[in-house]
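Working notes, structure below.
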């Protein structure tokens, strides 16, 4: 066997081996499963894990923007006209969030923590000075008190008298700072001595700067990666008590700060949010990319805040059968001390058209008012997010309060927030590096298949060239043999045309020249 033949056999065997092994590994997905198992083990909420420190103190900057609705026709509205508002904002704050009192519990299978938030005003990202800018809006303390006492004629008459003497009207004008972080309300100050539970200070974000929402207990994800970051209890409870059904009161999913790795487009993302006093869910919308990192965009569908007619599962969020609001609204008064507070998306995005049409100045737009999460599907890391929610007050006629007699039922917008975050460059670089390693290892069998394909091409070239060279050797040998035969062999030819055609002459056999000469000499000797 020649060297060339040996080379062909070796290349052929190597090619076949690479292709068989590579295709087998691709089909079995051994390397991909190996990397996925590594991710499941490393992305857990335990001390020393890859994500624990960033979970406790998230590095990407979070910004909180506040937009207010300034009422421009208060007097006309109180007489029955359609209210008109103008949007004022944003007033932007840098939000610092971190987890305190982090403790491993239940033999290390759970971790408890308090989500603490603090806010610092950013003048360069705001439209004005919150200590100076005034906003005319609904007098929320007054409406809360009126709704609290509307069932008692005596209490309603007393509160109405206090409101008149204190000049506490249905609408108020306050600075942005006062509306956000609190001011002493004269009506609340008057009621507080008779009811110790009443706070004299009111603010939409009162006591929320430097505070927390209570103790959360989270699953670490060690036993099941799908439980990573999932809330087990909040304030010691696994079920809420605000709503009328177990399903509505269930605490499901994460707190919005952590999501399990290896996300699927077909799954729902559940988030428990204390601000809404309920669990909401999000569904996949589209593929996006943020700073070179691929992500799935999840967003709340219309069904989350749909009416009970449109989504029967939401019937449990009706406070009473008569207090069921339409699609796009959620009355959260059970967890707001009875205040007539209604939550929605900004500008009544995804709500029924009647709520948009009832207020002049509402312009719902998907781009500006949609809530969404962009999650990297491999790691579950949040690469971009926008949480947008609007606070409204339910305004209507309240028995015992003459000033409300000309009012129709109205969901009145007060303010909406936009809480946003984009992954920072350093974190993005770490995620990209991790994804590169995962992709290289997971796709290693494809490299083997590719190498096998190259070897197959080399094998084909070697076989073709060997075949060509073999044919050339045969052609040369055949040509030499024919040439040797024409020199030594007897030649056959007619002497002339006449002899050839003479029937008396047989076929003339032409002999070699030496034989012919010898034959002629013998004839001549015979003649003499």
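In this note's numbering, the protein residues as written are 2 to 529.
Glycine included, each C-beta is placed from N, C-alpha and C at the ideal position.
It should be emphasised that the depicted structure is a prediction, and the values quoted were computed from it without experimental measurement.
**Report entry** As assigned by DSSP and simplified to three states, the class of residue 125
**Finding:** Mapped onto the chain shown, residue 125 falls at position 124. Taken through DSSP and simplified to helix, strand or coil, residue 125 comes out as helix.
Report task. Could you give the DSSP three-state label for residue 299: helix, strand or coil? Result -> As a working mapping, residue 299 is identified with position 298 in the chain shown. Strand at residue 299.
Report task. Determine the direct distance from the alpha carbon of residue 164 to that of residue 243, and round the result to whole angstroms. Result -> Position 242 of the chain shown, counted from the start, is the residue given in the question as residue 243. Position 163 of the chain shown, counted from the start, is the residue given in the question as residue 164. The C-alpha of residue 243 lies about 30 angstroms from the C-alpha of residue 164.
Report task. Tell me, to the nearest whole angstrom, how far the beta carbon of residue 216 is from that of residue 233; I am working on the premise that it is less than 8 angstroms. Result -> Stepping through the chain shown from its first residue, residue 216 is reached at position 215. Stepping through the chain shown from its first residue, residue 233 is reached at position 232. In this structure, residue 216 and residue 233 do not form a Cβ contact; the two beta carbons are roughly 11 angstroms apart against a cut-off of 8 angstroms.
**Report entry** Pair within 9 angstroms by beta-carbon distance, residue 57 and residue 100
**Finding:** Working through the chain shown from its first residue, we reach residue 57 at position 56. Working through the chain shown from its first residue, we reach residue 100 at position 99. Yes.
Query raised in the report: Which whole-angstrom value describes the C-beta separation of residue 418 and residue 184, a residue pair presumed to lie in contact below a C-beta threshold of 8 angstroms?
Result: To locate residue 418, count along the chain shown from 1; it is residue 417. To locate residue 184, count along the chain shown from 1; it is residue 183. With 8 angstroms as the limit, residue 418 and residue 184 do not qualify as a contact, their Cβ atoms being about 19 angstroms apart.
Query - residue 266 and residue 297 closer than 9 angstroms at C-beta - result: The sequence position of residue 266 within the chain shown is 265, counting from 1. The sequence position of residue 297 within the chain shown is 296, counting from 1. Contact flag set, yes.
Query raised in the report: On the three-state DSSP scale, how would you describe residue 316?
Result: Walking along the chain shown from the start, residue 316 turns up at place 315. Helix at residue 316.
Query raised in the report: Looking at C-beta atoms only, is the number of pairs between the segment 82 to 97 and the segment 365 to 374 that lie closer than 8 angstroms three or more?
Result: Taking a cut-off of 8 angstroms for Cβ pairs, the segment 82 to 97 and the segment 365 to 374 do not touch, as fewer than three such pairs fall below it.
Report task. Classify residue 15 as helix, strand or coil using the three-state DSSP reduction. Result -> Here residue 15 refers to the residue found at position 14 when the chain shown is read from its first residue. In the three-state reduction of the DSSP assignment, residue 15 falls in the helix class.
Query raised in the report: How close, in whole Å, do the beta carbons of residue 70 and residue 333 come, if the pair is a contact with beta carbons under 8 angstroms?
Result: Here residue 70 corresponds to residue number 69 of the chain shown, with the count starting at 1. Here residue 333 corresponds to residue number 332 of the chain shown, with the count starting at 1. Contact annotation, residue 70 with residue 333: C-beta distance approximately 18 angstroms; criterion of less than 8 angstroms not satisfied.
Query - For residue 331 and residue 76, the rounded distance between their alpha carbons - result: Position 75 of the chain shown, counted from the start, is the residue given in the question as residue 76. Position 330 of the chain shown, counted from the start, is the residue given in the question as residue 331. Going by the C-alpha atoms only, they are around 28 angstroms apart.
Report task. Just tell me which of 307, 378, 314, 277 has its CA closest to the CA of residue 343. Result -> Within the chain shown, residue 343 is the residue found at index 342, counting from 1. Nearest C-alpha to residue 343: 277.
Query - Residue of 335, 263, 326, 383 minimising C-alpha distance to residue 308 - result: In the chain shown, residue 308 corresponds to position 307, counting from 1. With distances taken between Cα atoms, residue 308 lies closest to 326.
Query raised in the report: Are three or more beta carbon pairs between the segment 255 to 266 and the segment 45 to 65 nearer than 8 angstroms?
Result: For the pair of segments examined, the segment 255 to 266 was found to touch the segment 45 to 65: the number of CB pairs separated by less than 8 angstroms reaches three.
Query raised in the report: Going by other Cβ atoms of all chains shown within 10 Å of its Cβ, with 16 needed for buried, is residue 410 buried or exposed?
Result: Residue mapping note: residue 410 aligns to position 409 of the chain shown, counting from 1. Exposed, by the Cβ-count rule.
Query - For residue 424, the three-state DSSP class (helix, strand or coil) - result: Looking up residue 424 in the chain shown gives position 423. The three-state secondary structure of residue 424, taken from DSSP, is coil.
**Report entry** N-terminal and C-terminal residue of the beta strand (DSSP E) that residue 386 is part of
**Finding:** Translated into the one-based positions of the chain shown, residue 386 becomes position 385. It spans 383 to 396 - the beta strand (DSSP E) in which residue 386 sits, taken as one unbroken run.
**Report entry** Residues of its chain near residue 539, where Cβ-Cβ distance is below 8 angstroms and the 5 sequence neighbours each way are ignored
**Finding:** For residue 539 there is no data in the structure shown, the boundaries of the chain being 2 and 529.
**Report entry** Nonlocal neighbours in the same chain, by C-beta distance under 6 angstroms from residue 250, ignoring five residues either side
**Finding:** To locate residue 250, count along the chain shown from 1; it is residue 249. Excluding five sequence positions before and after residue 250, the CB atoms of its chain that fall closer than 6 angstroms to its own CB belong to 240, 241, 244, given in chain order.
Report task. Using alpha carbons as the reference points, say which of 295, 302, 34 lies closest to residue 269. Result -> Along the chain shown, read from residue 1 onward, the residue named residue 269 stands at position 268. Distance from the Cα of residue 269 is smallest, within the candidate group 295, 302, 34, for 302.
Query raised in the report: Can residue 188 and residue 171 be called in contact, C-beta distance under 9 angstroms?
Result: Taking the chain shown and counting its residues from 1, one reaches residue 188 at position 187. Taking the chain shown and counting its residues from 1, one reaches residue 171 at position 170. Inclusion of residue 188 and residue 171 in the CB contact set at 9 angstroms is not warranted, their separation being larger than that value.
**Report entry** Proximal residues to residue 523 (C-beta, below 7 angstroms), its chain only, five neighbours per side dropped
**Finding:** Position 522 of the chain shown holds residue 523. Reliability of the predicted coordinates at residue 523 is poor, the pLDDT of 48 falling under 50, and the value obtained from them is presented with this limitation in mind. Within the same chain, residue 523 has no close Cβ partners at all.
Query raised in the report: Would you call the segment 155 to 162 and the segment 395 to 407 touching, i.e. three or more CB-CB distances under 8 angstroms?
Result: By the Cβ test, the segment 155 to 162 is in contact with the segment 395 to 407, since at least three Cβ pairs between them sit closer than 8 angstroms.
Query - 6 angstroms Cβ shell around residue 226 - same chain, five flanking residues per side excluded - result: Counted from its first residue, the chain shown places residue 226 at position 225. Within the same chain, residue 226 has close Cβ partners 41, 261.
Query raised in the report: Smallest Cα separation from residue 275: which of 385, 238, 288, 304?
Result: Indexing the chain shown from 1 puts residue 275 at position 274. Distances from the CA of residue 275 to each of 385, 238, 288, 304 were compared; the closest alpha carbon is that of 238.
Report task. Determine, using beta carbons only, whether residue 420 and residue 125 come nearer to each other than 9 angstroms. Result -> Translated into positions along the chain shown, residue 420 becomes position 419. Translated into positions along the chain shown, residue 125 becomes position 124. Residue 420 is not a Cβ neighbour of residue 125, given a cutoff of 9 angstroms.
Report task. Quick one: residues in its chain with C-beta nearer than 6 angstroms to the C-beta of residue 305, no 5 flanking neighbours on either side, listed in chain order? Result -> Residue 305 sits at position 304 when you count from the first residue of the chain shown. The residues 281, in chain order, have a CB closer than 6 angstroms to that of residue 305 in the same chain once the five nearest residues on each side in sequence are set aside.
Query raised in the report: Short check: CB of residue 86 to CB of residue 73, under 9 angstroms?
Result: If you number the chain shown from 1, residue 86 lands on position 85. If you number the chain shown from 1, residue 73 lands on position 72. Yes, Cβ-Cβ distance for residue 86 and residue 73 is below 9 angstroms.
Query raised in the report: Using the C-alpha atoms, what's the distance from residue 271 back to residue 285?
Result: Locating residue 285 in the chain shown gives position 284, counting from the first residue. Locating residue 271 in the chain shown gives position 270, counting from the first residue. Taking the straight line joining both Cα atoms gives about 12 angstroms.
Query - Candidates 54, 61, 441, 359, of which the one nearest residue 413 by Cα - result: Walking along the chain shown from the start, residue 413 turns up at place 412. Residue 413 has its Cα closest to that of 359, out of 54, 61, 441, 359.
Report task. Measure the beta-carbon distance from residue 425 to residue 60 and round it to whole angstroms, keeping in mind my assumption that it falls under 8 angstroms. Result -> Position 424 of the chain shown, counted from the start, is the residue given in the question as residue 425. Position 59 of the chain shown, counted from the start, is the residue given in the question as residue 60. Beta-carbon to beta-carbon, residue 425 and residue 60 are separated by about 6 angstroms, close enough to satisfy the 8 angstroms threshold.
Query - Beta-carbon proximity of residue 145 to residue 341, cut-off 9 angstroms - result: Indexing the chain shown from 1 puts residue 145 at position 144. Indexing the chain shown from 1 puts residue 341 at position 340. Contact flag set, yes.
Query - In DSSP terms, what residue 138 is bridged to - result: Taking the first residue of the chain shown as 1, we reach residue 138 at position 137. In DSSP, residue 138 forms a bridge with 173.
Query raised in the report: In the structure shown, what three-state DSSP assignment does residue 240 receive?
Result: Working through the chain shown from its first residue, we reach residue 240 at position 239. For residue 240, the three-state secondary structure derived from DSSP is strand.
Query - Assigned exposure category for residue 195 - 16 Cβ within 10 Å defines buried - result: Numbered from 1 along the chain shown, position 194 holds the residue referred to as residue 195. Exposed is the call here.
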